[in-house]
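K.L.:
Residue numbers for the sequence shown follow this note's numbering, beginning at 460 and rising by one.
Glycine included, C-beta positions come from ideal geometry on N, C-alpha and C.
Note that the structure is predicted; figures quoted are calculated from it, not measured.
Structure below; questions to follow.
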Amino acid sequence: MNRIKVSLQQSIIALAERGWSKRRIARELQLDRATVTRHLTAANAATNPAHGADEVVRANAATNPAHGARPGPASLCAPFAAEITAAVEAGLSAMRIHQDLCREHGFRGGYTSVKQFVRRLVATVELPFRRIECAPGAELQFDFGTGAIIMADGKRRRPHLFRAVLSHSRKAYSEVVWRQDTETVLRCLENTFRAFGGVPSTLVPDNLKAAVLQADWFDPEFNPKLRDFCAHYGTALLPTRPAMPRHKGKIEAGIKYVQGNALRGRRFASLAEQNTFLLEWERTVADTRLHGTIRQQVGAYFLQAERAALRPLPASLFPCFEEAKRIVHRDGHVAFRQAYYSAPPEYVGREVWVRAEARVVRLYNLRLEPIAVHARAEPGHFATADAHIHSRKRAIVERGAAYLLERCRLLGAHCGAWAEGMLAQRGPIGLRVLQGLLALAREHPIGELEHACGRAVHLGRWRLRQVRQLLQDGEQVVQIDFLQAHPLIRDLRHYQLEP
460 MNRIKVSLQQ SIIALAERGW SKRRIARELQ LDRATVTRHL TAANAATNPA HGADEVVRAN
520 AATNPAHGAR PGPASLCAPF AAEITAAVEA GLSAMRIHQD LCREHGFRGG YTSVKQFVRR
580 LVATVELPFR RIECAPGAEL QFDFGTGAII MADGKRRRPH LFRAVLSHSR KAYSEVVWRQ
640 DTETVLRCLE NTFRAFGGVP STLVPDNLKA AVLQADWFDP EFNPKLRDFC AHYGTALLPT
700 RPAMPRHKGK IEAGIKYVQG NALRGRRFAS LAEQNTFLLE WERTVADTRL HGTIRQQVGA
760 YFLQAERAAL RPLPASLFPC FEEAKRIVHR DGHVAFRQAY YSAPPEYVGR EVWVRAEARV
820 VRLYNLRLEP IAVHARAEPG HFATADAHIH SRKRAIVERG AAYLLERCRL LGAHCGAWAE
880 GMLAQRGPIG LRVLQGLLAL AREHPIGELE HACGRAVHLG RWRLRQVRQL LQDGEQVVQI
940 DFLQAHPLIR DLRHYQLEP
């Protein structure tokens, strides 16, 4: 069934009360005569339920011939139309209504007749919408529309129109932007708070991707950046039900108001020019108008009733950063803006959040717990934290000379002495030689290696191949024993000086 605006419905009823015929009403309002008939029938059913049921059936037959032009015999429920209508509005089921009619009114019809009567009544009698009004400072609705044409360099472009409206006073802020990404939404909201001089308790958007990653009326998944933004400003995000624009009717009407009153038929040379115009239009036109619902001048009513109810602004702006979800590659790094940043080894193959500020890049897990911090790298460069290199993937030379010397000292005193002397003789290249010495300890008994290193120190040989040669030759140090007595050795008494 096609729905028409409430204003047209009221016009149909008002003209009918003046005595206009249905044909004349339809011609004047440019509607189908069957539509006029249906709405007048529904209005009669609401004011006189006892006669409304049969009229409803006839109206349905007129607007939908497939249901038959003849309404058939009157329903047994017709005398109880008022009671049934009240029960339907109270939310009772057809079974419950049938039970109450039988017990309280002596109804002798069957359940099927009650069910069919209720079905026809529900299909034609539309319950009115409930208006929800908000306390001062309680709610801000925001959304995007289409801005006015910008002619620059001979090209026509239409920017996005951001608009935010305070639900109590209808005070609004408008701005045109080129994009609808998360960063743009945050900056527009921040500009809104600064223009109002305070922060509302809740923000009500629709389910735009820049704010809501997964739409769900009961448990939506918010963009982490927007969630941090709300925490910074002390506000909360409450998106509307998916595909339910009437839940944010104030901003829907507000965007149409800007497009129709401020921007229609106008063109601008730049984005800045259009924003300057919107700022002045909000001050001189939108704020000075008498709003049709609250019957107050918007700007004055905001200062009087809502400005003091807004929460105070924080001392600093929300940090400007870029954010994206990335997978840690097999080399333990994530790619962001053509640069590469290391993550802990346990996150290889898993998703992480990358948040890049002006000079710092931070990595978070999916619970938004920090796992790494790097200085921002130039495109094509790697930023690798030493702690992110697994011990099994760390080259021994990367541990430094002190570590290698300590390992050589543990082999024995001669090995340690040779290592220190070799490193002093050969400089930085000796780090590789120290690795070679430790490798010899895995191939030869420690005692033999100790003996060879002692010989090398004695002979001043500081090349690793010379130590290997000493190990292969098995050279032994010759022990010379001095004799105390021999026929050729004179007694020491002969060398004493006489007094």
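Out of 638, 652 and 795, which one is the CA nearest neighbour of residue 772?
P.N.:
Nearest C-alpha to residue 772: 652.
K.L.:
Taking the alpha carbon of residue 924 as the reference point, which residue from 859, 709, 893 and 734 has its own alpha carbon closest?
P.N.:
Closest by alpha carbon: 893.
K.L.:
May I have the straight-line CA-CA distance separating residue 728 from residue 677, to the nearest angstrom?
P.N.:
The alpha-carbon atoms of residue 728 and residue 677 are separated by roughly 44 Å.
K.L.:
Would residue 625 and residue 659 be called neighbours here (beta carbons separated by less than 9 Å)?
P.N.:
Going by C-beta atoms, residue 625 is nearer than 9 Å to residue 659.
K.L.:
Does residue 817 come out as helix, strand or coil in the three-state DSSP assignment?
P.N.:
Coil.
K.L.:
Take residue 654 and list the residues in its own chain whose beta-carbon comes closer than 8 Å to its own, dropping the five residues that flank it on each side.
P.N.:
The residues are 632.
K.L.:
How would you label residue 898, buried or exposed, when you count the other beta carbons within 10 angstroms and need 16 or more for buried?
P.N.:
By the 10 Å Cβ count, residue 898 comes out exposed.
K.L.:
Can you tell me whether DSSP reads residue 774 as helix, strand or coil?
P.N.:
It is coil, neither helix nor strand.
K.L.:
For residue 524 and residue 602, I'd like the C-alpha separation in whole angstroms.
P.N.:
With a pLDDT of only 43 at residue 524, under 50, the local geometry of the prediction cannot be trusted, and no value is derived from it.
K.L.:
Whose C-beta lies closer than 6 Å to the C-beta of residue 502 among residues of the same chain, with five residues either side of it excluded?
P.N.:
Excluding sequence neighbours, residue 502 sits near 472.
K.L.:
Rounding to the nearest angstrom, what Cα-Cα distance links residue 763 and residue 802 in this structure?
P.N.:
Each residue's alpha carbon lies about 53 Å from the other.
K.L.:
In whole angstroms, what is the alpha-carbon distance linking residue 823 and residue 735?
P.N.:
Each residue's Cα considered, the two are about 39 Å apart.
K.L.:
By the three-class DSSP mapping on this structure, what secondary structure does residue 688 have?
P.N.:
Helix, per DSSP.
K.L.:
So what does residue 746 bridge to, in DSSP terms?
P.N.:
Answer is none; residue 746 lacks a bridge partner.
K.L.:
According to the neighbour-count rule (16 or more other Cβ atoms, all chains shown, within 10 Å of its Cβ), is residue 469 buried or exposed?
P.N.:
Counting Cβ neighbours within 10 Å, residue 469 comes out exposed, since fewer than 16 surround it.
K.L.:
Could you have a look at residue 469 and say whether DSSP puts it in helix, strand or coil?
P.N.:
Three-state DSSP puts residue 469 in a helix.
K.L.:
Can you give the Cα-Cα distance for residue 907 and residue 848, rounded to whole angstroms?
P.N.:
Rounded to whole angstroms, residue 907 to residue 848 spans 36 Å at the Cα level.
K.L.:
Based on Cα-Cα distance, which residue from 784, 809 and 777 lies nearest to residue 791?
P.N.:
Closest option to residue 791, Cα to Cα, is 809.
K.L.:
Does the segment 708–724 touch the segment 593–610, meaning 3 or more C-beta pairs lie closer than 8 Å?
P.N.:
Short answer: they touch.
K.L.:
Could you tell me the distance, in whole angstroms, from the CA atom of residue 765 to the CA atom of residue 556?
P.N.:
Rounded to the nearest angstrom, the two C-alpha atoms are 47 Å apart.
K.L.:
Look at residue 733 and residue 618 and say whether their C-beta atoms are less than 9 Å apart.
P.N.:
Going by C-beta atoms, residue 733 is nearer than 9 Å to residue 618.
K.L.:
Using the Cβ count rule (16 or more neighbours within 10 Å means buried), how would you classify residue 630?
P.N.:
The residue in question, residue 630, is buried, as its Cβ has 16 or more Cβ neighbours within 10 Å.
K.L.:
Could you give the distance in angstroms between the alpha-carbon of residue 768 and the alpha-carbon of residue 593?
P.N.:
Computed Cα separation, rounded: 12 Å.
K.L.:
According to the neighbour-count rule (16 or more other Cβ atoms, all chains shown, within 10 Å of its Cβ), is residue 889 buried or exposed?
P.N.:
Classification of residue 889: buried, given that the 10 Å Cβ count is 16 or more.
K.L.:
I want to see whether chain B comes within less than 9 Å of residue 864, judged by CB atoms only; does it?
P.N.:
Looking at the structure shown, chain B is missing, and only one protein chain is on hand.
K.L.:
Which value, in whole angstroms, describes the spacing of the CA atoms of residue 696 and residue 467?
P.N.:
Going from the Cα of residue 696 to the Cα of residue 467 covers about 35 Å.
K.L.:
DSSP three-state label for residue 637, please.
P.N.:
In this structure, residue 637 counts as coil in the three-state DSSP scheme.
K.L.:
What three-state label does DSSP hand residue 677 in the structure shown?
P.N.:
DSSP places residue 677 in coil when its eight states are reduced to three.
K.L.:
In this structure, how does DSSP classify residue 801 when only helix, strand and coil are distinguished?
P.N.:
In this structure, residue 801 counts as strand in the three-state DSSP scheme.
K.L.:
Would DSSP call residue 615 helix, strand or coil?
P.N.:
Looking at residue 615 - three-state DSSP - the assignment turns out to be strand.
K.L.:
Residues in its own chain within less than 7 Å of residue 952 by CB, not counting five upstream and five downstream?
P.N.:
Closer than 7 Å at the Cβ level, and outside the excluded window around residue 952, lies no residue.
K.L.:
Could you give the first and the last residue of the continuous alpha helix (DSSP H) run that contains residue 913?
P.N.:
Here the alpha helix (DSSP H) through residue 913 covers 905–918.
K.L.:
Could you tell me how far apart the beta carbons of residue 782 and residue 683 are, in whole angstroms, since I believe they sit closer than 8 Å?
P.N.:
Between residue 683 and residue 782 the Cβ distance is about 7 Å, and since that is below 8 Å, they are a contact.
K.L.:
Residue 786 to residue 862, Cα distance in whole Å?
P.N.:
Each residue's alpha carbon lies about 35 Å from the other.
K.L.:
Per DSSP, what kind of secondary structure is residue 549 in: helix, strand or coil?
P.N.:
Coil, per DSSP.
K.L.:
If you draw a straight line from the C-alpha of residue 573 to the C-alpha of residue 536, how long is it?
P.N.:
Using only the alpha carbons, I get a separation of about 6 Å.
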